[in-house]
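See below for the structure under consideration.
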Amino acid sequence: MSDPDSTGLARGLTNYGDPDFSLYLRRSFAKSMGYSRELLARPIVGIANSASGFNNCHRDFPQLIDAVKRGVLAAGGLPLDFPTISLGEVFLHPTSMMFRNLMSIDVEEMIRAQPMDAVVLVGGCDKTVPAQLMGATSAGVPAVQLVAGPMMPTSYRGERLGACTDCRRFWARYRAGEVSTDEIEDIESNLATTAGTCAVMGTASTMAALAETLGMTVPGSAAIPAVHADRLRAGEASGTLAVALAAKGPRPSEIVTEKSIENTLRVLLAIGGSTNAIIHLTAIAGRAGVRVSLARLNELSDTTPVLVDLKPTGQHYMSDLYAAGGIGALLRELKPLLHLDCLTVTGETLGERLAAEQDYVDRSVIRSLDDPFQPHGGLVALFGTLAPNGAILKRSAADPKLFESVGRAVVFDSLEDLSRRIDDPALDVTPQDFLVLQNAGPKSGAAMPEAGYLPIPLKLARAGVKDMVRISDARMSGTAFGTIVLHVSPEAAVGGPLALVKNGDRIRLSVEKRRIDLMVDDAELARRRAVLVARAPAPARGYAKLYLDHVLQAEDGCDFDFLRQAC
Ligand code: FES
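Residue numbers (my numbering): 1 to 567.
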């Protein structure tokens, strides 16, 4: 056995039954890469590299990782990068969400199995940062998160375009017949034109902001555009910081606490952030034994205004947020609502960090607490007979006229059923109906896709209908907008009440009361339950089997049951 207190190259020796031989052999093989004995004696900083030819958002990682290495070397460490799984959002079938936990296992195990005293986690695209933070929290090695940074918006025929709120806006107009086939092809080439993550407050930008709030990044780095020289400087600073972390920590489990998670919930609400972040934060917190309560989310939502005017809720892009003062300016504004004694990766508390910062802020992008963009938080949790364990609505991106309404259910029992019938001219649907999608949750076989943004039926879209109440156990892209109830739990595939909804049932939505109720009497529901056929598939092998056997519901972050710490 190797010495558990060993550092550098001597950490976690390969087991040959003779530790001295193991170290001698490891040094020898490391020297085959051209390193001197002096360099091999330094603290080792691992760099978890999630670049991939299947991930456009990470396309400039080679340059960014060079900057990290520069910082590590200058601070007296030895940088060694290693590849991990990469999750390019639009390249994965059935969804990137299915593989988030797999990536977290990869990150955790490779941090633990290889000899590193600290690690820089380089990620960005939606699921990569949650996976890295989950893995690093479980691995217990000091870690600093470095994000890719957002793409720049593009100028196109007199307006700014950026992935991916504008992708959806133009696609909706194309479906409605307002944009031609030639023009949509032109727009396709102009939506995502630089390296980096989606340019709006989607899931990737939200997770970057939350990683900084949590205290896991170099201060001020979350919103730096991918192509800005400051992004490379943030890479260098992350490498330098990792060498300091190697000597004295703190470890992620000292940073991910009940208070710091509550701070991240505040910021999530204040930025009108992605609904996906609730699931990811719950999973990250769960790795540290911290529980995220949806009831507490509602309390925070009532007392946290939306301060940031960014798409999809508002009008600006992430590069504007950076120029306006970045996440630091937002945190300073939220100071009275935050726990300032939370430890950050620099060793300072959040309060110490904010006290040391300059006070520039552009009020057209980051509003003050006295003059918020919206008076209440961006997200609310709903409970009721349709969602006993909760559901989520992004009210900041929804139509308030629909918040207190009763609608007739128009039900689709699967994604296939949805795509087959949604545009059928004979579909019995009116703008006042509630569209309901079943069997798109974590255990459905579809792996909880971002399908909760059900398209408006073509005949209604062409008549000018822009929003309807839509309900599902699926997720929604952080870049989407609409009156959309998501993450309904328990999901339909495990027999949740959502599975019992039939065409023509009445459903009541009350955002004010935080309720979503199926208005069908208990006796009828019992009759339906007695003949309900189980829909959860049972694959025989491989990761799909591991996933379906162990994935938890949305309120537990869709983590695997054997990876969470008891909360
Ligand atoms: Fe990678 Fe949007 S596709 S962040």
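From the three backbone atoms N, C-alpha and C, an ideal C-beta is built for every residue, glycine too.
- Cβ atoms of L281 and L210 come within 8 angstroms of each other, at about 7 angstroms.
- In the structure shown, A323 adopts helical secondary structure according to DSSP, grouped into three states.
- A residue is called buried once 16 or more other Cβ atoms fall within 10 Å of its Cβ, and Q358, having fewer, is exposed.
- Remark: the C-beta of T197 is in contact range of the ligand FES, defined as less than 7 angstroms to any heavy atom.
- A distance of 8 angstroms or more separates the beta carbons of L310 and A391.
- The beta carbons of D433 and R408 sit closer together than 8 angstroms.
- Around the Cβ of V144, a 10 Å sphere holds 16 or more other Cβ atoms; the residue is buried.
- The alpha-carbon separation between F21 and S36 amounts to approximately 19 angstroms.
- Apart from sequence neighbours up to five positions away, the residues of its chain that approach P219 with a beta-carbon distance below 8 angstroms are E212, G328, T344, T346, R353, E357, ordered along the chain.
- Assigned with DSSP and collapsed to three states, D81 falls in strand.
- For I516, the enclosing beta strand (DSSP E) starts and ends at 515–518.
- When the Cα atoms are used, L133 and R506 turn out to be separated by approximately 41 angstroms.
- Of the other Cβ atoms in all chains shown, 16 or more fall within 10 Å of the Cβ of G377; this residue is therefore buried.
- Exclusion of the five residues before and after T217 leaves Q145, A211 as the residues of its chain whose Cβ lies within less than 6 angstroms of its Cβ.
- Looking at the DSSP output, G384 shares a beta bridge with A387.
- Contact check between the region 168–179 and the region 238–251: fewer than three CB pairs, one atom from each, fall below 8 angstroms, which does not count as touching.
- Contact between the region 120–138 and the region 90–101 is established, with three or more Cβ pairs separated by less than 8 angstroms.
- Annotated three-state conformation of T303 is coil, per DSSP.
- Runs of the beta strand (DSSP E) lying entirely within the region 128–212 and spanning at least 3 residues, in chain order: 143–147, 154–156, 159–161.
- The residue among R564, A544, G496 with its C-alpha nearest the C-alpha of M97 is A544.
- With three or more CB-CB distances shorter than 8 angstroms, the region 44–54 counts as touching the region 117–124.
- A residue is called buried when at least 16 other Cβ atoms come within 10 angstroms of its Cβ; Q438 meets this threshold and is buried.
- A contact is defined here as three or more CB-CB pairs under 8 angstroms, and the region 140–159 meets this definition with respect to the region 53–70.
- G390 has its Cβ no nearer than 7 angstroms to any heavy atom of the ligand FES.
- L509 is a Cβ neighbour of V469, given a cutoff of 8 angstroms.
- For V68, the shortest separation between its Cβ and any heavy atom of the ligand FES does not lie below 7 angstroms.
- Using a Cβ distance threshold of 8 angstroms, A536 and A493 count as a contacting pair.
- Within the region 332–374, the runs of alpha helix (DSSP H) that reach at least 4 residues and sit entirely inside it are, in chain order, 350–355.
- Of the candidates I456, M476, T430, the residue whose Cα lies closest to the Cα of A447 is M476.
- By the C-beta density criterion, N15 is exposed, having fewer than 16 other C-beta atoms within 10 angstroms.
- For the options G71, D66, M116, the alpha carbon positioned closest to that of A41 is the one of M116.
- The C-beta separation of G482 from Y453 comes to about 6 angstroms, placing the pair in contact by the 8 angstroms criterion.
- Straight-line spacing of the CA atoms in L307 and G215 works out to 20 angstroms.
- Where A530 is concerned, the enclosing alpha helix (DSSP H) starts and stops at 522–530.
- Per DSSP, A544 lies in no beta strand (DSSP E); the unbroken alpha helix (DSSP H) holding it starts and ends at 542–550.
- Each residue's CA atom was taken as its position, placing L330 and T206 some 13 angstroms apart.
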